[in-house]
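**Student:** Take a look at the following structure, please.
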Amino acid sequence: MTIPALRRYARALTRDAETADDLVQDTLVRALRSEHLFHGGDIRSWLYTILTNLNRNRLRSLARRPTLTVLGDDDAPDMAGPEAGSRDIERALASLVDDQRAALLLVVLEGLTYREVAEVQGVPIGTVMSRLARARAQIRAFLDGERPALRRVK
Amino acid sequence: MSERPLPVTEEELHAYVDGELPAERHSAVEAWLASHQDDAARVAAWRAQIEAIRARYGATATEPVPARLDLDRLMRRGRSWRTIAAAAAFAAFVFGGAAGWIVRGATGVGPSGFETFTLDAIDAHKLYAVEVRHPVEVPGSEADHLVQWLSKRVGYDLRAPDLKRLGLKLVGGRLLPGPTGAAAFFMYENTTGERFTIYSARSNGPDTAMRYNVSGKCSAFYWVDGDVAYVVSGQAEREELSKVAAAAYEQFDPRTAHKGNS
């Protein structure tokens, strides 16, 4: 019951099914190495912590190798309907700073409390709150910017 | 006092949307939203975002989990049978979805091996960690002799883990009575004089993954490997103590002891 939730979080975090499952696999392998077994507390939070950190490392190493960075296929034509909505949210999430995206997803998709997210990200609750606020403002601005393109299709 | 409610902050709006607002502020926030259209529009937009995110990714959790994420398979690739034992306990929690997996007596062992053993070790820690002049019988400067002597007395190969990476110096060690015979006791110290101790003795308990126990200001990490139990005690925060325990664990593991890392 934890693994499907980890896959969901990873999918939203990376927006790529293969990359997401790679992350989950790395998370589980790391968790199974027993030297990492003893941080105590809630095991779910702990797995989210490992996954969040692994993803941060992944993005850092991608940044060091810019040629390997996978960009969204922005050339694809805009579509109307629910498909367009889900592509919009995907691209809006992609436009976020990594830590803001993780904070938002942990709260709204994974249902973690602010306190738990603070633990996962290793920051004070105030930082979680500001990441959340920035993420929401950015998504809103992004979607507002996208809207004219959709109207054109209508 | 006036009737005017306290103004609502942006943080409260987020907390409202995320179900983290204290109940007593609900009506204030709702009244605020009724009279502040901009904020009401923001809240509506945030809720729409939440719905869109859930609509887009929620279904991932209901897809069948691919074979490569199967815990059994991953476990079989583990380093050793002991890792597998630890992993099995871990898997039980993952599948059981239990929170707070490290609790006293969690596995129904009761106040037996685990409890008494760690409490013995914590008592020894409390007794000797405060000792200024005679904290140990053999000083860390004679580490080789200390390890040889204690190994002989406890009846298995010991080593005094090298914890320099964590800023800890070996103060030394001593021999103590253990639950079934002799126990070895190592003491470490950081530059501020904070002390950590490692207690090891034969144990007839089953192998366990790392466990955590608290007694007053002291806490301890405990594990059993084969027929030997180890307890790492200190007064530090759990996070810090866990690092010491992790480093000790790694070095007591004969498979990784001689490598720089694993």
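Protein chains in written order, with the numbering used here: chain A, 1 to 154; chain B, 1001 to 1262. Here a beta-carbon is modelled for each residue, glycine too, at the ideal position from N, C-alpha and C.
If we call anything under 8 Å between Cβ atoms a contact, is B/A1201 one with B/G1181?
**Tutor:** Against the second sequence, residue 1201 of chain B aligns to sequence position 201. Against the second sequence, residue 1181 of chain B aligns to sequence position 181. A contact, by the Cβ cut-off of 8 Å.
**Student:** Reducing DSSP to helix, strand and coil, say where B/D1070 ends up.
**Tutor:** Mapped onto the second sequence, residue 1070 of chain B falls at position 70. Three-state result, B/D1070: coil.
**Student:** Could you check what DSSP says for B/S1219 in three-state terms: helix, strand or coil?
**Tutor:** Position 219 of the second sequence, counted from the start, is the residue given in the question as residue 1219 of chain B. Strand, per DSSP.
**Student:** If you check the beta carbons only, do A/Q121 and A/T14 fall under 8 Å apart?
**Tutor:** The sequence position of residue 121 of chain A within the first sequence is 121, counting from 1. The sequence position of residue 14 of chain A within the first sequence is 14, counting from 1. No.
**Student:** On the criterion of 16 or more Cβ atoms from any shown chain inside 10 Å, does B/P1022 qualify as buried, or is it exposed?
**Tutor:** Here residue 1022 of chain B refers to the residue found at position 22 of the second sequence. Result: exposed.
**Student:** By the criterion of Cβ-Cβ separation under 8 Å, what are the contact partners of B/T1062 in chain A?
**Tutor:** Along the second sequence, read from residue 1 onward, the residue named residue 1062 of chain B stands at position 62. Correct list: P4.
**Student:** Check whether the Cβ of A/D98 lies closer than 8 Å to any Cβ atom in chain B.
**Tutor:** Translated into the one-based positions of the first sequence, residue 98 of chain A becomes position 98. In terms of beta-carbon proximity, A/D98 stays away from the interface with chain B, with every pair separated by 8 Å or more.
**Student:** Which residues in chain B have a C-beta closer than 8 Å to the C-beta of A/T113? List them in chain order.
**Tutor:** Position 113 of the first sequence, counting from 1, holds the residue named residue 113 of chain A. Neighbours of A/T113 on chain B, chain order: E1020.
**Student:** Verify whether the separation of the beta carbon atoms of A/M129 and B/E1011 is less than 8 Å.
**Tutor:** Taking the first residue of the first sequence as position 1, residue 129 of chain A is located at position 129. Taking the first residue of the second sequence as position 1, residue 1011 of chain B is located at position 11. Yes; because the gap between Cβ atoms is below 8 Å, this pair is in contact.
**Student:** Applying the criterion that 16 or more other CB atoms from any shown protein chain within 10 Å of the CB defines a buried residue, is B/P1111 buried or exposed?
**Tutor:** As a position in the second sequence, residue 1111 of chain B is number 111, starting the count at 1. Residue placement at B/P1111 is flagged as unreliable, the pLDDT there being 38, under the threshold of 50; a coordinate-derived value is accordingly withheld.
**Student:** So is B/W1046 in contact with chain A if we call contact Cβ pairs under 8 Å?
**Tutor:** For the purposes of this step, residue 1046 of chain B is identified with residue 46 of the second sequence, where counting begins at 1. Taking Cβ atoms only, chain A reaches closer than 8 Å to B/W1046, which makes this a yes.
**Student:** Please report how far the alpha carbon of B/T1009 lies from the alpha carbon of B/G1019, in whole angstroms.
**Tutor:** For the purposes of this step, residue 1009 of chain B is taken as residue 9 along the second sequence, with counting starting at 1. For the purposes of this step, residue 1019 of chain B is taken as residue 19 along the second sequence, with counting starting at 1. Going by the C-alpha atoms only, they are around 15 Å apart.
**Student:** Straight-line CA distance for B/I1198 to B/P1139?
**Tutor:** Locating residue 1198 of chain B in the second sequence gives position 198, where the first residue counts as 1. Locating residue 1139 of chain B in the second sequence gives position 139, where the first residue counts as 1. Using only the alpha carbons, I get a separation of about 15 Å.
**Student:** At a Cβ threshold of 8 Å, is A/D21 touching chain B?
**Tutor:** Within the first sequence, the letter at position 21 stands for residue 21 of chain A. So, interface residue.
**Student:** Just to confirm the assignment: which complete alpha helix (DSSP H) runs, minimum length 4, are found wholly within the segment 1003–1030 of chain B?
**Tutor:** 1010–1017
**Student:** Using beta carbons (cut-off 8 Å, strictly below), is A/E90 in contact with chain B?
**Tutor:** For this step, residue 90 of chain A is matched to residue 90 along the first sequence. At least one CB of chain B lies nearer than 8 Å to the CB of A/E90.
**Student:** In or out: A/P124 buried (at least 16 other Cβ within 10 Å) or exposed?
**Tutor:** Numbered from its first residue, the first sequence carries residue 124 of chain A at position 124. That one is exposed.
**Student:** Find out if the Cβ-Cβ distance for the pair A/R101, A/A135 is shorter than 8 Å.
**Tutor:** For this step, residue 101 of chain A is matched to residue 101 along the first sequence. For this step, residue 135 of chain A is matched to residue 135 along the first sequence. In this structure, A/A135 lies closer than 8 Å to A/R101 by Cβ.
**Student:** Name, in chain order, the residues that DSSP records as bridge partners for B/L1175.
**Tutor:** Residue numbering aside, residue 1175 of chain B sits at position 175 when the second sequence is read from its first letter. The partner list for B/L1175 (beta bridge, DSSP) reads B/A1184.
**Student:** For the beta strand (DSSP E) containing B/S1200, name the first residue and the last one.
**Tutor:** Here residue 1200 of chain B corresponds to residue number 200 of the second sequence, with the count starting at 1. Note, B/S1200: beta strand (DSSP E), 1195–1202.
**Student:** Would DSSP call A/V123 helix, strand or coil?
**Tutor:** As a first step, residue 123 of chain A is located in the first sequence; it is residue number 123 there, counting from the start. In the structure shown, A/V123 sits in coil (DSSP, three-state: anything other than H, G, I, E or B).
**Student:** Cα separation between B/R1159 and A/V117?
**Tutor:** By one-based count along the second sequence, residue 1159 of chain B stands at place 159. By one-based count along the first sequence, residue 117 of chain A stands at place 117. Distance between the alpha carbons of B/R1159 and A/V117 is about 39 Å.
**Student:** Provide the residue span of the beta strand (DSSP E) that contains B/V1315, from first to last.
**Tutor:** Nothing about residue 1315 of chain B can be read from this structure; chain B reaches only from 1001 to 1262.
**Student:** With a threshold of 16 other CB atoms inside 10 Å of the CB of B/N1213, please say whether the residue is buried or exposed.
**Tutor:** For the purposes of this step, residue 1213 of chain B is identified with residue 213 of the second sequence, where counting begins at 1. Counting every other CB atom within 10 Å of its CB across the protein chains shown gives B/N1213 a total of 16 or more, marking it as buried.
**Student:** Counting along the chain, where does the alpha helix (DSSP H) carrying B/R1047 start and finish?
**Tutor:** The residue labelled residue 1047 of chain B in the question sits at position 47 within the second sequence. Per DSSP, B/R1047 belongs to the alpha helix (DSSP H) from 1037–1057.
**Student:** Step through the CB atoms of chain A and report whether any lies within less than 8 Å of the CB of B/Y1188.
**Tutor:** Locating residue 1188 of chain B in the second sequence gives position 188, where the first residue counts as 1. Using a CB distance cut-off of 8 Å, B/Y1188 does not count as an interface residue toward chain A.
**Student:** Would you grab the beta carbon distance between A/T2 and A/L47 for me? Rounded to a whole angstrom, and I think it's under 8 Å.
**Tutor:** Looking up residue 2 of chain A in the first sequence gives position 2. Looking up residue 47 of chain A in the first sequence gives position 47. A/T2 to A/L47, Cβ: 6 Å. Contact.
**Student:** When DSSP builds the beta bridges, which residues end up paired with A/R8?
**Tutor:** Position 8 of the first sequence, counted from the first residue, corresponds to residue 8 of chain A. None, per the DSSP bridge assignment.
**Student:** Whose Cβ in chain B lies nearer than 7 Å to the Cβ of A/A133?
**Tutor:** What you label residue 133 of chain A is simply residue 133 of the first sequence in a count that begins at 1. Around A/A133, the beta-carbon contacts reaching into chain B at under 7 Å are E1010, H1014.
**Student:** Contact check, A/L105 vs A/A12 under 8 Å by CB: the rounded distance?
**Tutor:** In the first sequence, residue 105 of chain A corresponds to position 105, counting from 1. In the first sequence, residue 12 of chain A corresponds to position 12, counting from 1. A Cβ-Cβ distance of about 5 Å is found for the pair A/L105 and A/A12, placing them in contact under the 8 Å criterion.
**Student:** Tell me the DSSP secondary structure of B/R1211 in three-state form.
**Tutor:** Counted from its first residue, the second sequence places residue 1211 of chain B at position 211. Residue state, collapsed to three classes: strand.
**Student:** From what residue to what residue does the alpha helix (DSSP H) around A/D99 run?
**Tutor:** For this step, residue 99 of chain A is matched to residue 99 along the first sequence. Note, A/D99: alpha helix (DSSP H), 98–108.
**Student:** Our contact map puts B/A1129 next to B/L1150 with C-beta atoms below 8 Å; I'd like the distance itself, whole angstroms only.
**Tutor:** Locating residue 1129 of chain B in the second sequence gives position 129, where the first residue counts as 1. Locating residue 1150 of chain B in the second sequence gives position 150, where the first residue counts as 1. That belief does not hold up - the Cβ atoms of B/A1129 and B/L1150 are roughly 18 Å apart, past 8 Å.
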